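Worksheet: the structure to be examined is printed underneath.
There are 2 protein chains.
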Amino acid sequence: MPAYSHYQPLALANVPHWDFTTDVAIIGFGATGACAAIEARKAGAAVMLFERSSGSGGASALSGGEIYIGGGTDAQIAAGFTDTVEDFTAYLKLAGGPCVDEAKCELYGREALAHYQWLKDQGVPYRGNYLPGKVIEPTDDSTLIWSGSEAATPFRLTARPAPRGHVIQHVGWGGGRPLVDILEARARDAGAEIHVDARAVALITDGDRVAGVVMRIDNRDRFVRATRGVVLATGGFVFNEAMRRKYCPESFRVNSPIGDKDDGIGIELGQSVGGDAIHMDQFFTTCPWTIPADQAHGVFVNVAGQRFINEDCYHGRVSRCAVDQPGGKVYLLLDSAHFSQPLDLAGITIAGTGNTWEEVEGELDMPAGTLSATMAFYNRHAHQGRDPLFDKQAPMLVPLDQAPFVALECNFETSYFSFFTLGGLKTGTAGEVLNRGGVPIPGLFAAGRCTSGLPAWGHGYSSGMSLADCTFFGRQAGRAVAQLKN
Amino acid sequence: MPAYSHYQPLALANVPHWDFTTDVAIIGFGATGACAAIEARKAGAAVMLFERSSGSGGASALSGGEIYIGGGTDAQIAAGFTDTVEDFTAYLKLAGGPCVDEAKCELYGREALAHYQWLKDQGVPYRGNYLPGKVIEPTDDSTLIWSGSEAATPFRLTARPAPRGHVIQHVGWGGGRPLVDILEARARDAGAEIHVDARAVALITDGDRVAGVVMRIDNRDRFVRATRGVVLATGGFVFNEAMRRKYCPESFRVNSPIGDKDDGIGIELGQSVGGDAIHMDQFFTTCPWTIPADQAHGVFVNVAGQRFINEDCYHGRVSRCAVDQPGGKVYLLLDSAHFSQPLDLAGITIAGTGNTWEEVEGELDMPAGTLSATMAFYNRHAHQGRDPLFDKQAPMLVPLDQAPFVALECNFETSYFSFFTLGGLKTGTAGEVLNRGGVPIPGLFAAGRCTSGLPAWGHGYSSGMSLADCTFFGRQAGRAVAQLKN
Numbered sequence: 001m002p003a004y005s006h007y008q009p010l011a012l013a014n015v016p017h018w019d020f021t022t023d024v025a026i027i028g029f030g031a032t033g034a035c036a037a038i039e040a041r042k043a044g045a046a047v048m049l050f051e052r053s054s055g056s057g058g059a060s061a062l063s064g065g066e067i068y069i070g071g072g073t074d075a076q077i078a079a080g081f082t083d084t085v086e087d088f089t090a091y092l093k094l095a096g097g098p099c100v101d102e103a104k105c106e107l108y109g110r111e112a113l114a115h116y117q118w119l120k121d122q123g124v125p126y127r128g129n130y131l132p133g134k135v136i137e138p139t140d141d142s143t144l145i146w147s148g149s150e151a152a153t154p155f156r157l158t159a160r161p162a163p164r165g166h167v168i169q170h171v172g173w174g175g176g177r178p179l180v181d182i183l184e185a186r187a188r189d190a191g192a193e194i195h196v197d198a199r200a201v202a203l204i205t206d207g208d209r210v211a212g213v214v215m216r217i218d219n220r221d222r223f224v225r226a227t228r229g230v231v232l233a234t235g236g237f238v239f240n241e242a243m244r245r246k247y248c249p250e251s252f253r254v255n256s257p258i259g260d261k262d263d264g265i266g267i268e269l270g271q272s273v274g275g276d277a278i279h280m281d282q283f284f285t286t287c288p289w290t291i292p293a294d295q296a297h298g299v300f301v302n303v304a305g306q307r308f309i310n311e312d313c314y315h316g317r318v319s320r321c322a323v324d325q326p327g328g329k330v331y332l333l334l335d336s337a338h339f340s341q342p343l344d345l346a347g348i349t350i351a352g353t354g355n356t357w358e359e360v361e362g363e364l365d366m367p368a369g370t371l372s373a374t375m376a377f378y379n380r381h382a383h384q385g386r387d388p389l390f391d392k393q394a395p396m397l398v399p400l401d402q403a404p405f406v407a408l409e410c411n412f413e414t415s416y417f418s419f420f421t422l423g424g425l426k427t428g429t430a431g432e433v434l435n436r437g438g439v440p441i442p443g444l445f446a447a448g449r450c451t452s453g454l455p456a457w458g459h460g461y462s463s464g465m466s467l468a469d470c471t472f473f474g475r476q477a478g479r480a481v482a483q484l485k486n
Numbered sequence: 001m002p003a004y005s006h007y008q009p010l011a012l013a014n015v016p017h018w019d020f021t022t023d024v025a026i027i028g029f030g031a032t033g034a035c036a037a038i039e040a041r042k043a044g045a046a047v048m049l050f051e052r053s054s055g056s057g058g059a060s061a062l063s064g065g066e067i068y069i070g071g072g073t074d075a076q077i078a079a080g081f082t083d084t085v086e087d088f089t090a091y092l093k094l095a096g097g098p099c100v101d102e103a104k105c106e107l108y109g110r111e112a113l114a115h116y117q118w119l120k121d122q123g124v125p126y127r128g129n130y131l132p133g134k135v136i137e138p139t140d141d142s143t144l145i146w147s148g149s150e151a152a153t154p155f156r157l158t159a160r161p162a163p164r165g166h167v168i169q170h171v172g173w174g175g176g177r178p179l180v181d182i183l184e185a186r187a188r189d190a191g192a193e194i195h196v197d198a199r200a201v202a203l204i205t206d207g208d209r210v211a212g213v214v215m216r217i218d219n220r221d222r223f224v225r226a227t228r229g230v231v232l233a234t235g236g237f238v239f240n241e242a243m244r245r246k247y248c249p250e251s252f253r254v255n256s257p258i259g260d261k262d263d264g265i266g267i268e269l270g271q272s273v274g275g276d277a278i279h280m281d282q283f284f285t286t287c288p289w290t291i292p293a294d295q296a297h298g299v300f301v302n303v304a305g306q307r308f309i310n311e312d313c314y315h316g317r318v319s320r321c322a323v324d325q326p327g328g329k330v331y332l333l334l335d336s337a338h339f340s341q342p343l344d345l346a347g348i349t350i351a352g353t354g355n356t357w358e359e360v361e362g363e364l365d366m367p368a369g370t371l372s373a374t375m376a377f378y379n380r381h382a383h384q385g386r387d388p389l390f391d392k393q394a395p396m397l398v399p400l401d402q403a404p405f406v407a408l409e410c411n412f413e414t415s416y417f418s419f420f421t422l423g424g425l426k427t428g429t430a431g432e433v434l435n436r437g438g439v440p441i442p443g444l445f446a447a448g449r450c451t452s453g454l455p456a457w458g459h460g461y462s463s464g465m466s467l468a469d470c471t472f473f474g475r476q477a478g479r480a481v482a483q484l485k486n
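One line per chain: the protein sequences are G and W, in this order. Quick note on my numbering: the first sequence kicks off at 1 and runs consecutively. Quick note on my numbering: the second sequence kicks off at 1 and runs consecutively.
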């Protein structure tokens, strides 16, 4: 039996027979694959959707089901927030940092409201209300939350702040599962043919064009002819240690990968036909320290007792900057007015306590005049409503002067720092996979975390950006591939 | 005329004719290409060496001609330093950080002394003496200098410190040019056939095997049959802005690329036949602040007035960490006992002065109690010979308390922060280019900065590591390719 490889496409002339023939083959059944399937079917294409696991889900189903949407949604307006396409787009670009794809930000900036309506049209329910405060996901069924660094410096200086995290109506955490369930139902309704327990092995090429895919099903290679093209929707590479070692070694500082078999296969399949993989060093990470929200008032210091971020930023940005700090850990400093016990799952420990910050400093074995000086400076200015060093804003900017005091240890190895990768295939705004020269590879599309998309930069990530990218650019890919000629 | 592309190899069957036939084609005539040519000829292969410029040189000729060598050289022993293969190898591994290639470190650790002898055998002169102090390159013709972070924390804690920068005997800066001249002479002596003004366009493949290369010479495509194989020695991608944007966007923080037409062509040629490109986000940068050496006693602070590094590290490590700091600049703080005017070329300005650190702080518009507190803390401990925060060591650790004081501004945009890229093709220890599955691509070799090698991690770079990598692994590649069958 020939061994097929995701490093090398199989020439169409060498395909022994066809097990399946369809217009469009979609690999991966998370939110990206489901959205691509819905749109491709709507455009009249026959669609087969292949999923490595025994059912839909992917990393999408492990998420909070929150989608980053702005520009003036019903929920934003009802809550009294003014948001515009310009401010929303400006924020998306800032969040992309040095890795930004401006064309994707501009397109999604313009189209997000229509995308929101499309999600509702698929049956995704939104209660429509606003939940104030700093939360990771609503514990009730609320819709609109602050899910990024919109109100924090420097983002607030360029883009007028508004909350943009839109969460599926679902009581408690974990809205990603019902979100994918709804999208799966629509994909099935639309007539997508779904194959589970099916693992992609190699692409099939007809000259320069991607013409199908070899799938492994029931321990046999199955040859799938895709007359219009293939859509890769396989997620990132957080569970592929060899790829992380080669492309994203800083991710080994943290410990808790989030994903569902995200082994980078789509990226490698795309590369096997000349696809460009970019920003492969980027990753998202977070330690959910804002649970409960009181602790968002805290001050983070590194092992030298120095602050390093305005702590009112999104927890993923704070955490990503924390992981840049030397010494393998950072401390979250709180006073008795702003402390509650972290959740057990956070793996956060109490490293020091004291009736003065000097005592805390001593318990942490920090030299006298480090942490205590940091806190004296911070409190002095917080009393004046200012943070001259990092420009943290009210209401998070409060003096921490109610003894006793505590230092919580967020340890990169032992605290819960979840992470996933952000680098991947370079695609155009229609989801077309580009080669290193920027030219589309005929018949090949991709979306979601096997691409570099809206959430391109770990330090700028905001909650809901990945699902926005997955659902919107998944749709784009589905539409575009369906329009190709057989 | 067909357009040949470095994104797509040309099949041998489609080659219209052969302009040249040789055993080994080497692309790029810096130190890497020269060493590969010498060894390939010595092993009996016919060699053609193609260079894009009008003569040899590449980035190697722009360097100081310094090579990182340890394990107990004559110069180390004469100066009273004890160095071992174990300490040397341990340092190489630490310097590679999360990007380390342990096999390359171990091989070079074992072979460096023999490599040093080989360089001498080629006629590279070494005076053999030791020049103490902290210098970038000797201004006389000395041999041995401290060229890394060997004596600085954390390196010194794992690997016994020794100076390992070995500089060609050459008065003044710029020993790279005479080094390449000598290697060029040996390559010519050995019978390598040299073609200049020759630009690589595409690889030629015979099935899975690299069988030649299309070169652009005199505005015409020339078809080069390389019966044993091709060696890529084309340098990094510091002059390819599109590649930097996609793979190394943080490098846009700094301003002065070092290289000679380093456009990444070798990396892209390697990728066109399935070669793996790794650690593409890594870059070296330095602002030559240790000129004159007095200033190495200074303290670096970021715009928040915080220290961020033990300043006794290698200037490239200090600078790379500086470029991670927010605000686009850092300050180097000096007192009157440790100040001299920076060289004009450094683009370093005096941002503030004062008779107290409080006055300097005010001149920099920093809030009271930031920089001044940092310096009070630093000086208090420096008087005791300690740096409890970053563990800076004597003799660089001195109090800065002789008024007047000065803050020099090292601005990432306007000061001279030179840089070059470190990411590139993944190769084995024989220089064989590996595909994404780790399997060698038959007939394709690479070395130097078109590969990820000994200097893999920007934060760990030490001077002489790149030339060590270029010369040693260039030789490895030349030997290995010559041993292939025609």
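Beta carbons are placed, not taken as given, at the ideal position from N, Cα and C, and that holds for glycine. Computed from a predicted model, the values in this text were never measured in an experiment.
Where residue i meets chain W, residues with beta-carbon distance less than 8 Å
i: K246 (chain G); result: D276, I278, H279 and K426
Partners in chain G for residue i, counting only beta-carbon separations shorter than 7 Å
i: R436 (chain W); result: Y7, E268 and Q271
Residues that DSSP places opposite residue i in a beta bridge
i: P440 (chain G); result: G:L434
i: S5 (chain W); result: W:Q8
i: Y116 (chain W); result: Paired residues: none, contrary to the question.
i: N411 (chain W); result: W:K329
i: Y68 (chain W); result: W:G165
i: L131 (chain G); result: L131 (chain G) pairs with nothing; no bridge assigned.
i: H195 (chain W); result: W:F50
i: S517 (chain G); result: The question about residue 517 (chain G) has no answer here: the residues shown for chain G are numbered 1 through 486.
i: V406 (chain G); result: G:L334 and G:T353
i: P455 (chain G); result: In DSSP, P455 (chain G) forms no bridge with anything.
i: I278 (chain G); result: G:G424
i: S256 (chain W); result: W:S418
i: L183 (chain W); result: Answer is none; L183 (chain W) lacks a bridge partner.
Presumed contact (8 Å Cβ cut-off) between residue i and residue j, rounded CB distance
i: L434 (chain G); j: H6 (chain G); result: The Cβ separation is near 19 Å, so there is no contact.
i: S142 (chain W); j: N129 (chain W); result: 5 Å
i: S63 (chain W); j: F29 (chain W); result: At roughly 15 Å, the Cβ-Cβ gap does not stay under 8 Å, so S63 (chain W) and F29 (chain W) are not in contact.
i: L131 (chain G); j: A75 (chain G); result: That belief does not hold up - the Cβ atoms of L131 (chain G) and A75 (chain G) are roughly 10 Å apart, past 8 Å.
i: Y461 (chain G); j: G264 (chain G); result: Actually they are not in contact, since the Cβ atoms of Y461 (chain G) and G264 (chain G) sit about 19 Å apart, beyond 8 Å.
i: G266 (chain W); j: A446 (chain W); result: 6 Å
i: G458 (chain G); j: Q325 (chain G); result: That pair is no contact at about 14 Å.
Contacts of residue i in chain G (Cβ-Cβ under 8 Å)
i: D324 (chain W); result: D324
i: T155 (chain W); result: Here residue 155 (chain W) turns out to be Phe, not Thr, going by the sequence shown. The contacting residues do not exist; F155 (chain W) stays about 14 Å from chain G at best.
Interface partners of residue i on chain W, CB under 9 Å
i: A114 (chain G); result: None at all; the shortest Cβ gap to chain W is about 30 Å.
i: F29 (chain G); result: The premise fails here: F29 (chain G) is roughly 25 Å from chain W at the closest Cβ pair, so nothing lies under 9 Å.
i: F445 (chain G); result: Chain W residues near F445 (chain G): none, gap ~19 Å exceeds 9 Å.
Residue-chain proximity (residue i, chain B), Cβ-Cβ < 9 Å
i: L389 (chain G); result: In summary, chain B is missing from the structure at hand, where the protein chains are G and W.
Contacts that residue i makes with chain W (C-beta to C-beta distance below 7 Å)
i: E250 (chain G); result: P98
Per-residue contacts from residue i into chain G (C-beta, under 9 Å)
i: A95 (chain W); result: Correct list: empty, because the minimum Cβ distance to chain G is about 14 Å.
Beta carbons nearer than 8 Å to chain W: which residues of the stretch 349–369 of chain G have them?
P367 and G369
Against chain G: residues of the stretch 285–310 of chain W by CB proximity under 7 Å:
A304 and Q306
Can you give, in chain order, each stretch of the beta strand (DSSP E) that sits fully within the stretch 218–243 of chain W and has at least 3 residues?
220–232
Restricting to runs no shorter than 3 residues, where is the beta strand (DSSP E) found entirely within the stretch 73–99 of chain G?
none
Check each residue of the stretch 331–348 of chain G: if its Cβ is closer than 8 Å to any Cβ of chain W, include it; give the result in chain order.
none
Chain-ordered residues of the stretch 373–389 of chain G with a beta carbon less than 7 Å from chain W
A373, F377, P388 and L389
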